[in-house]
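A.B. asks: Each residue of the sequence shown is one higher than the one before, counting from 19 in the working numbering.
We put the CB at the ideal spot given by N, CA and C, even for glycine.
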Amino acid sequence: MSDTSISNVTTLCGLNRAGLAIARLGVVLVSGAVIGACNPAPTQPTEPAHEKHLTSKLIAQRIMYCDDGTRADVDFIDDGLKMAFTWLPKGRTEILRAQRTGDEFRGDHSRAVVAGGSIAFTRRGKIRVCHRTPEES
19 MSDTSISNVT
29 TLCGLNRAGL
39 AIARLGVVLV
49 SGAVIGACNP
59 APTQPTEPAH
69 EKHLTSKLIA
79 QRIMYCDDGT
89 RADVDFIDDG
99 LKMAFTWLPK
109 GRTEILRAQR
119 TGDEFRGDHS
129 RAVVAGGSIA
139 FTRRGKIRVC
149 HRTPEES
């Protein structure tokens, strides 16, 4: 079919080249909106797991993925020498403190050592190693 006959067909159907371009753009935009609506919800919790009074001076918050399949919500607070962590989904928040940067964090029942993107938690002799992303565990 020549350009002239395509032009005649589109004119007969009430469409011109600009109209076809707009129609195609509309299909692309609607398709993108439909596909975007199908994406899974984010894995980060919408509400923090800790009580707000415990983390008033929040420096950093991350969800850690542990080798045993558990997850922990970890917040570094105040000067970074205090850590609040909660085992998800409904664990109790525990506060750990370090004396200096690079030292072990200690609390009443648990200890934690931070190295790179990982944290090793120890409680009653049991060690859980947790990572910043699930792929590392």
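Could you check what DSSP says for E122 in three-state terms: helix, strand or coil?
C.D. replies: E122: coil per DSSP, three-state reduction.
A.B. asks: Determine, using beta-carbon pairs with one atom in the stretch 78 to 94 and one in the stretch 102 to 114, whether at least three such pairs fall under 8 Å.
C.D. replies: With the cut-off at 8 Å, the stretch 78 to 94 and the stretch 102 to 114 touch.
A.B. asks: Compare the beta carbon distance of H149 and S136 with 7 Å and say whether it is the shorter of the two.
C.D. replies: Yes, the pair counts as a contact, with Cβ atoms nearer than the cut-off.
A.B. asks: For L76, which residues from the same chain have a beta carbon less than 7 Å from its beta carbon, with the 5 sequence-adjacent residues on both sides left out?
C.D. replies: Same-chain partners within the cutoff: D93 and I95.
A.B. asks: Given R124, which residues of its chain have a CB within under 7 Å of its CB, disregarding the five upstream and five downstream residues?
C.D. replies: Excluding positions up to five away in sequence, the list reads L114 and R115.
A.B. asks: Whose CA, out of E153, A130, P152 and T151, lies closest to the CA of G143?
C.D. replies: The residue with the shortest Cα to Cα distance from G143 is A130.
A.B. asks: If I measure Cβ to Cβ from T151 and keep anything under 6 Å in the same chain, skipping five residues before and after, which residues do I get?
C.D. replies: Contacts found: none.
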